[in-house]
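See below for the structure under consideration.
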Amino acid sequence: MPHPARPTVTLRDVAAAAGVSVATASRVLGGSDRTVAPDNARRVLEAAAALHYTADAAARAMRRRSDAIALIADDLTTSSIAVTVAAMERRARLADAFVTVSQTRGDPEKQLSTVRAVRAFRPRALVLTSSRISPATAGGRLLDELLAYESQGGRVVLFGGIDMPFDSIGVDDEGSAALLGAHVRALGHRHVAILAGPASVAFAASRTAGFVSGLGSSVTVERVPCEVTRDGGYAAAAGLVAAGLTGIEAVMAVNDAVAVGALAAFLDAGVPVPSRISLTGFDDVPLSSDVFPRLTTVALPFAAIGERLTDLALLTGPPSPGRESVHGTLIPRESTRAAPAPSN
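Each residue of the sequence shown is one higher than the one before, starting from 3 at the first, in the numbering used here.
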């Protein structure tokens, strides 16, 4: 008669039994060089023995890291991530390293399972870029997993508005978007629709707030939720056209993909840009200067960001988390124009 399977004991279970953090338990059981108080180490070892804990072979082998930098992103199909990854790969090759990529679609459990799976390949560093990661992701288990990985010699780098104790690069979305809002206001537009994306997407919410701030109190603002995709922009703009575009003089999109979709919808409906509607994007992806009319937008230095992410990932020595912020640059183009003077 077969015996019932023994429940799997995790590092989290050992840490809870010993009354220490997951990172501390990982340092004791993973053979880290980082110092752990003797009493804490004793409690961890006793708890591990009592629970019959067996450390993961990949975790024990962390010191024999590969030269891979593992990038884990929400979506690998966007133009911005393509530019970022290309720059990361170029920079990594200069140090005889290379970049691997994984996609999670922003799903918390997928983020956790991907980090766990990628760790088994013992990458030199993990780089996470997402608008949907926080210390509470997957019930705090993602943070535990990253801290454990770091305690075993790996390095964690974050890109985006992520509040975790690792090196990070963030974009000043709100301040950069305020530049664009002020530009649209200076053109004389007084009724603006913002294709704002879902409220749950952090960068979209920050950019929307920045647009509103830059436009100021003299401008009437209409927020239109949409998916942060080309198709989402098309559907939102088509909805505005169907409603008659009453009074709307300009449309601001939270990224270039949304703006390109909106541009297609306006052109399909015979609404000329910019003579009837001024239109703006955000990011300055390559397509923004290939469409006609070319998009007024805010440029973010994705290639430079990719290079810096790689530099941080390749650092050696004990982690000393720092936060860096990137600011956008206003790029006026032909998709916006000054509002016509009011008729008498």
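The C-beta atom is built at its ideal place from N, Cα and C for all residues, glycine as well.
So is Ala180 buried or exposed if we call it buried at 16+ other beta carbons inside 10 Å?
buried
Considering only C-alpha positions, which residue in the set Ile171, Glu229, Arg92 is nearest to Gly162?
Ile171
For Thr282, the first and last residue of its enclosing alpha helix (DSSP H)
Element bounds for Thr282: not the alpha helix (DSSP H) but the beta strand (DSSP E), 280-282.
Of the residues Ser215, Ala266, Arg157, the one placed nearest Ser178, counting alpha carbons only
Ser215
C-alpha distance - Ala89 paired with Ala51, whole-angstrom precision:
46 Å
Asp313 lies in the alpha helix (DSSP H); which residues open and close that run?
304-315
Hey, quick one: how far does the alpha helix (DSSP H) through Ser215 stretch, first residue to last?
204-217
Check whether the region 189-208 and the region 243-255 touch, using three or more Cβ-Cβ pairs below 8 Å as the test.
yes
Mind checking whether Tyr55 and Val103 have CB atoms under 9 Å apart?
no
Distance, Asp109 Cα to Ser166 Cα:
Inspection of the sequence shows that residue 166 is occupied by Met rather than by Ser. Answer to the nearest angstrom: the Cα atoms are 18 Å apart.
Hey, which unbroken runs of the beta strand (DSSP E) at 3 residues or more fall wholly within the region 131-201?
157-161, 169-173, 193-197
Which residues DSSP lists as bridging Ala75, in chain order
Gln105, Thr131
Tell me the residue span of the alpha helix (DSSP H) that contains Ile83.
81-96
Across the region 120-138 and the region 217-224, are there enough close Cβ pairs to call them in contact, namely three or more that are closer than 8 Å?
no
Starting from Phe100, follow its DSSP beta bridges and name the residues at the other end.
Ala70
Just the C-alpha distance for Leu130 and Thr248, rounded to the nearest angstrom, thanks.
42 Å
For Pro276, count the other beta carbons within 10 Å of its own beta carbon; 16 or more makes it buried, fewer makes it exposed. Which is it?
buried
Using DSSP bridges, identify the partner residues of Thr298.
Thr282
Are Ile74 and Phe100 close, meaning C-beta to C-beta below 9 Å?
no
Could you spell out where the beta strand (DSSP E) holding Glu229 opens and where it closes?
Here Glu229 belongs to no beta strand (DSSP E), and DSSP marks it neither H nor E.
If you run the structure through DSSP and keep just helix, strand and coil, what is Ala252?
strand
Excluding the 5 residues flanking Ala60 on each side, which residues of the same chain have their C-beta closer than 7 Å to its C-beta?
Here the model assigns Ala60 a pLDDT of 46, short of 50, so the residue's position is not dependable, and the following value carries that caveat. For Ala60, where only same-chain residues beyond five positions count, the Cβ hits under 7 Å are Arg121, Ala122, Arg124.
Are three or more beta carbon pairs between the region 16-31 and the region 139-157 nearer than 8 Å?
yes
For Glu1, does the three-state DSSP call read helix, strand or coil?
Here the chain comprises residues numbered 3 to 346, so residue 1 is not present and cannot be evaluated.
Could you tell me whether the Cβ atoms of Arg232 and Ala259 are closer together than 9 Å?
yes
If I'm right that Leu189 touches Ala343 with Cβ under 8 Å, what's the distance once you round it to whole angstroms?
Their Cβ separation, rounded to whole angstroms, is 12 Å, which puts Leu189 and Ala343 out of contact at 8 Å.
If you run the structure through DSSP and keep just helix, strand and coil, what is Val328?
strand
Coil, strand or helix - Thr116 by DSSP:
helix
In terms of residues, what are the limits of the alpha helix (DSSP H) holding Gly263?
258-270
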